[in-house]
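See structure below.
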Amino acid sequence: MVSNVYANELAGREVTQDVAQIASAPDLLAAVAADAPRATFKVVQRIVYHHGWHIVRLRVLDASGKLLADFGGPFVVAPVRGVLRSASGAQIGSFVMSVQDDAGIAKLENRFVGDAVGVYFHAHPVVEVGGVFFPRSMPRGTSLTVRGVRYAVQKLTYDAFPTGTLTMVLLVSPASSALAAQTCATVRADEIGRVAQRLTSLLGPIAQHYYGYTYWVHLYTGAAVYVRNPDGSQIASSDGTDPDGLPLAGPATVNGQSFLVVSFEPKPPVRVYLLVSAS
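Basically this note's numbering = 1-based index in the sequence shown + 35.
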């Protein structure tokens, strides 16, 4: 789940649009071409504070790599790089930008999945979300006991801004005996279904935006998403396809590939189907 969130912060539609806005900003290009740090810093502030763009940090360099301006939060993830060019096409500078910081990505993971999340920089905590107090040094093992509860520890490492890494630590609640008896593929499919249902409550009434709903659920879960009427007629899908004969749950074969189906009714009688790879 969090890997899908991170991937979107690197190459999502918003990121693509923001990179294009920065690369074509006339006042930024003029300031960089003039090799004017103060003017560049002023423009960088304007871009970061722009109410229509979600940019949390922007760093601008001249053609030789000299820093002209750097403005934004201290602990930022998912740096994206771009080039600044003159009207003739010559490179006059470059930039590094990001649309997400450590607190933001931790809150998204906690909100969408429900796990407690801690973010560490140089092995020291900089963010914790989810009501659990993380240790002052990064956990080394695969489990952690907090207030008598033993959690499984999952660690994910991401690029920091402008260099280095940040480590996200997820505390996963203990599995029940029934869950432990299931196959990994089934557990994964059921967990994606649970996350999709959480997203359903967070995204608002889906009848108002069926296509947008399928897009966002697919983006954050990786599953193919279909919204259908009781008679099987399709209302929307995340990939434009309309596979036949999907069961309410269990295995299915689509175009020669094996999947597990999870479905639920966010608002009867409409049903949401998720197609999760069985591999």
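Virtual Cβ for every residue (Gly too), placed ideally from N, Cα, C.
{"Query": "Neighbourhood of residue 141 by C-beta, 8 Å cutoff - its chain only, sequence neighbours within 5 removed", "Result": "152, 153, 154, 162, 163, 164 and 203"}
{"Query": "C-beta atoms of residue 61 and residue 103 nearer than 8 Å", "Result": "no"}
{"Query": "Residue(s) in a DSSP beta bridge with residue 195", "Result": "112"}
{"Query": "Sheet register partners of residue 203 (DSSP bridge)", "Result": "154 and 191"}
{"Query": "Whether residue 289 touches residue 264 by CB criterion (8 Å)", "Result": "no"}
{"Query": "Sequence-distant residues of its chain with Cβ nearer than 8 Å to residue 139 (five each side left out)", "Result": "91"}
{"Query": "Anticipated Cβ contact below 8 Å, residue 130 with residue 95, distance rounded", "Result": "5 Å"}
{"Query": "Sequence-distant residues of the same chain with beta carbon closer than 7 Å to residue 297, five excluded per side", "Result": "224, 225, 227, 228, 284, 309 and 311"}
{"Query": "Cβ-Cβ separation, residue 249 to residue 272 (assumed contact under 8 Å), whole Å", "Result": "6 Å"}
{"Query": "Distance between beta carbons of residue 262 and residue 307, contact taken as under 8 Å", "Result": "6 Å"}
{"Query": "Helix, strand or coil at residue 263 [DSSP, three-state]", "Result": "strand"}
{"Query": "Beta-carbon gap between residue 189 and residue 167 smaller than 8 Å", "Result": "no"}
{"Query": "Cut-off 7 Å between Cβ atoms - residues of its own chain near residue 178, not counting five sequence neighbours on either side", "Result": "185, 186, 187 and 188"}
{"Query": "Same chain only: Cβ atoms within 8 Å of residue 237, ignoring 5 sequence neighbours per side", "Result": "146 and 147"}
{"Query": "DSSP state of residue 292 mapped onto helix, strand, coil", "Result": "strand"}
{"Query": "Exposure label - residue 246; buried when at least 16 CB within 10 Å", "Result": "exposed"}
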